[in-house]
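In this note's numbering, the protein residues as written are 233 to 975.
Following: one structure in structure tokens, then a few remarks.
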């Protein structure tokens with residue numbers, strides 16, 4: 233208990249002390265609040281005073297800035313007035329000096345001895361040149377202004393200034409010559425700074441044209457004869473005018489590279505010397521093309537006369553055209569190189585074209601004449617070869633006792649046509665090189681391509697005509713050995729031998745013509761492929777050009793096809809003539825009759841049939857490979873019709889027994905199997921009907937009516953063939969036929 237009381241007492245004492253401390257703290261806090269409030273009031277008062285001071289300061293600064301701006305503007309105006317006054321003073325001073333100088337020049341005509349030292353001091357040449365130009369401009373303007381005025385005073389003034397103008401012109405000329413002389417001396421010494429100084433001063437005289445022209449004119453490549461001779465030697469070499477286009481192309485490449493290098497070196501000097509280097513480069517490049525390049529081209533491009541063509545042995549017109557193309561191509565390359573170096577405002581492309589304009593104007597005529605010359609030369613070469621071959625063959629034939637009528641003919645060659653196309657392709661490449669406008673290109677391409685069409689058409693047509701002439705010769709020889717029946721056996725044997733020789737010639741002519749047709753087809757295919765690959769793309773950009781060219785090509789091909797058609801008809805005549813010969817010589821009257829000796833009938837094909845099928849197989853082998861498409865179809869169809877008709881007419885010369893009818897049917901089967909290779913359904917049908925019609929010789933007379941009923945389409949021919957039965961009269965078939973026809 234005592235401890236608790238002690239603690240309680242302690243607590244009470246502590247509480248009392250804490251209460252006292254709180255009161256002390258509260259009192260101190262009250263004092264601090266009062267002090268803070270006082271300080272805050274003072275601070276606010278101070279800030280207010282500062283703000284008022286700052287506002288006043290800003291107002292002062294604004295007024296000061298306005299004042300400064302006003303003062304500055306006033307000073308600027310004063311400065312402008314001062315500068316203007318100074319400028320006017322200087323102008324007035326210069327004018328006074330100019331008037332003084334003008335009076336000096338206006339003193340005595342042609343007297344330049346009393347001029348101010350300025351005009352004779354070499355160290356003040358630039359200043360003298362400037363003043364002289366100003367004086368001359370002023371004097372010339374005044375003379376021009378008063379020259380038409382009638383007033384006496386003005387006229388006197390003008391005459392006075394005309395003296396000054398004359399003296400000034402003389403002085404300027406003298407000064408210009410001095411500067412040009414100094415420029416030349418500096419140029420020889422390669423003193424670029426002196427050259428630049430002179431060029432700058434000379435630019436005041438006619439914008440420096442004289443200096444530019446003088447510099448360009450004095451370049452060694454324009455005045456050194458040795459350089460010009462070397463140019464010719466580089467291009468033509470030791471061959472001279474006879475140099476080929478390849479050598480000339482190489483020579484031009486070397487020469488033009490040397491020219492470009494020279495111009496490039498000159499450009500470096502020009503850039504360092506002249507105030508207007510582009511104008512100088514324009515003059516230099518123009519001079520290069522018009523003088524140096526043109527001098528070379530005049531030696532290279534000597535235009536031949538179309539009235540008297542150069543010999544083909546010396547290259548003909550083709551040599552000129554090839555050199556023209558090479559020169560044009562290389563010159564265009566040079567122009568591009570010079571343009572990359574720099575040529576100012578010069579239209580270098582137009583200038584290059586102008587160099588060749590006289591050659592390009594007549595290009596088409598020369599190209600066509602060249603192609604004609606090449607064609608004529610090739611034809612002469614082929615004729616000479618054919619003649620030599622004919623003479624050689626004829627000599628051999630005569631030495632062996634042969635006939636000279638079988639000499640070989642000049643054959644169509646696909647290689648020759650390919651050569652025509654190659655010529656034309658080369659010509660077309662020149663067209664596209666020399667011309668760039670689509671319409672011009674198309675017009676020239678059409679003209680050049682027309683030459684190819686004429687060449688191919690003429691060559692193929694003449695080749696087909698020669699092959700057709702061979703067919704006609706063979707036909708004439710066959711007709712020569714046709715004899716009658718009332719001749720001796722010896723004459724008949726000789727005629728038969730000659731007929732076989734003529735038949736062999738006809739077969740050979742047939743083969744030659746088929747080969748010619750095959751080569752024509754290959755040649756036309758080459759022509760069409762060339763048109764598709766090369767010509768079409770050049771004509772399509774121009775309206776109407778491509779269809780017109782297609783029409784031209786169609787016309788040319790039609791001429792060839794017409795010649796081929798005539799020859800193919802002759803080929804059919806040749807084949808049928810041999811078939812008729814074999815039928816007449818090999819077909820025996822007993823082939824279709826019952827053997828008289830009682831021997832068993834022969835059911836094999838007749839010898840005539842075997843010979844004819846063998847002949848047709850042999851001779852048509854080349855036709856199958858030579859002909860294609862519609863040509864092949866129409867040829868074989870026509871031949872099949874002619875063969876069918878020929879056999880019908882032939883068999884009407886015989887009488888037929890039933891066993892002979894079986895043999896005839898065997899022949900028809902052989903013929904039918906062969907013509908099936910024609911792939912002509914109409915011909916197959918005709919020979920099938922022939923086989924059916926042969927039954928009129930086989931069936932009994934009383935069965936003929938049923939035969940007609942089964943195949944009414946053979947009625948007309950069958951009625952004729954029934955009369956060929958060997959029992960036609962004895963079996964009273966005629967009356968039976970009348971009854972059938974009546975029904």
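We treat Cβ as the ideally placed atom computed from N, Cα and C, and that holds for glycine.
Taking 8 Å as the cut-off, decide whether the C-beta atoms of residue i and residue j are in contact.
{"i": "residue 550", "j": "residue 487", "result": "no"}
{"i": "residue 900", "j": "residue 926", "result": "yes"}
{"i": "residue 600", "j": "residue 683", "result": "yes"}
{"i": "residue 848", "j": "residue 910", "result": "no"}
{"i": "residue 771", "j": "residue 659", "result": "no"}
{"i": "residue 815", "j": "residue 882", "result": "yes"}
{"i": "residue 755", "j": "residue 649", "result": "yes"}
{"i": "residue 467", "j": "residue 459", "result": "no"}
{"i": "residue 812", "j": "residue 904", "result": "no"}
{"i": "residue 448", "j": "residue 512", "result": "yes"}
{"i": "residue 867", "j": "residue 800", "result": "yes"}
{"i": "residue 980", "j": "residue 939", "result": "This structure does not reach residue 980, given that the chain is present from 233 up to 975, and the question cannot be answered."}
{"i": "residue 670", "j": "residue 749", "result": "no"}
{"i": "residue 584", "j": "residue 564", "result": "yes"}
{"i": "residue 702", "j": "residue 744", "result": "yes"}
{"i": "residue 734", "j": "residue 709", "result": "yes"}
{"i": "residue 880", "j": "residue 949", "result": "yes"}
{"i": "residue 499", "j": "residue 574", "result": "yes"}
So what's residue i in DSSP terms, helix, strand or just coil?
{"i": "residue 888", "result": "strand"}
{"i": "residue 843", "result": "helix"}
{"i": "residue 976", "result": "Past the boundaries of the shown model lies residue 976; the chain is included only from 233 to 975, so the question cannot be answered."}
{"i": "residue 628", "result": "With a pLDDT of 46 at residue 628, under the threshold of 50, the predicted position of this residue should be treated as unreliable, though the coordinate-derived value follows. Helix, per DSSP."}
{"i": "residue 826", "result": "coil"}
{"i": "residue 576", "result": "coil"}
{"i": "residue 587", "result": "helix"}
{"i": "residue 436", "result": "coil"}
{"i": "residue 388", "result": "Confidence at residue 388 is low in this model, with a pLDDT of 44, below 50, so the placement of that residue is unreliable and no value is reported for it."}
{"i": "residue 936", "result": "helix"}
{"i": "residue 500", "result": "helix"}
{"i": "residue 911", "result": "coil"}
{"i": "residue 233", "result": "coil"}
{"i": "residue 547", "result": "coil"}
{"i": "residue 382", "result": "Confidence is the limiting factor: at residue 382 the pLDDT is only 41, short of 50, which leaves the residue's position unreliable, though a coordinate-based value still follows. Reduced to three states, the DSSP call for residue 382 is coil."}
{"i": "residue 286", "result": "helix"}
{"i": "residue 819", "result": "coil"}
{"i": "residue 835", "result": "coil"}
{"i": "residue 850", "result": "helix"}
{"i": "residue 486", "result": "helix"}
{"i": "residue 747", "result": "helix"}
{"i": "residue 962", "result": "coil"}
{"i": "residue 598", "result": "helix"}
{"i": "residue 512", "result": "helix"}
{"i": "residue 669", "result": "coil"}
{"i": "residue 299", "result": "helix"}
{"i": "residue 212", "result": "As shown, the chain starts at 233 and ends at 975. That puts residue 212 outside it, with no answer to give."}
{"i": "residue 905", "result": "helix"}
Hey, out of the options, whose CA is closest to residue i's CA?
{"i": "residue 514", "options": "756, 616 and 570", "result": "570"}
{"i": "residue 588", "options": "676, 535, 848 and 263", "result": "535"}
{"i": "residue 556", "options": "420, 477, 245 and 706", "result": "477"}
{"i": "residue 707", "options": "742, 688 and 677", "result": "742"}
{"i": "residue 554", "options": "533, 579 and 540", "result": "533"}
{"i": "residue 956", "options": "740, 912 and 890", "result": "890"}
{"i": "residue 465", "options": "618, 951, 526 and 531", "result": "531"}
{"i": "residue 762", "options": "782, 582 and 265", "result": "782"}
{"i": "residue 560", "options": "312, 802, 586 and 878", "result": "586"}
{"i": "residue 492", "options": "562, 788 and 850", "result": "562"}
{"i": "residue 619", "options": "643, 652, 263 and 867", "result": "643"}
{"i": "residue 661", "options": "705, 646 and 558", "result": "558"}
{"i": "residue 538", "options": "594, 547 and 523", "result": "594"}
{"i": "residue 930", "options": "495, 896, 949 and 902", "result": "896"}
{"i": "residue 753", "options": "768, 858, 508 and 825", "result": "858"}
{"i": "residue 869", "options": "916, 314 and 414", "result": "916"}
{"i": "residue 489", "options": "508, 737, 500 and 520", "result": "520"}
{"i": "residue 567", "options": "517, 576 and 526", "result": "517"}
In the DSSP output, what is residue i paired with across the bridge?
{"i": "residue 957", "result": "888"}
Subject >> Segments of 4+ residues assigned as alpha helix (DSSP H) that fall wholly inside the segment 753-778 >> reply: 768-771
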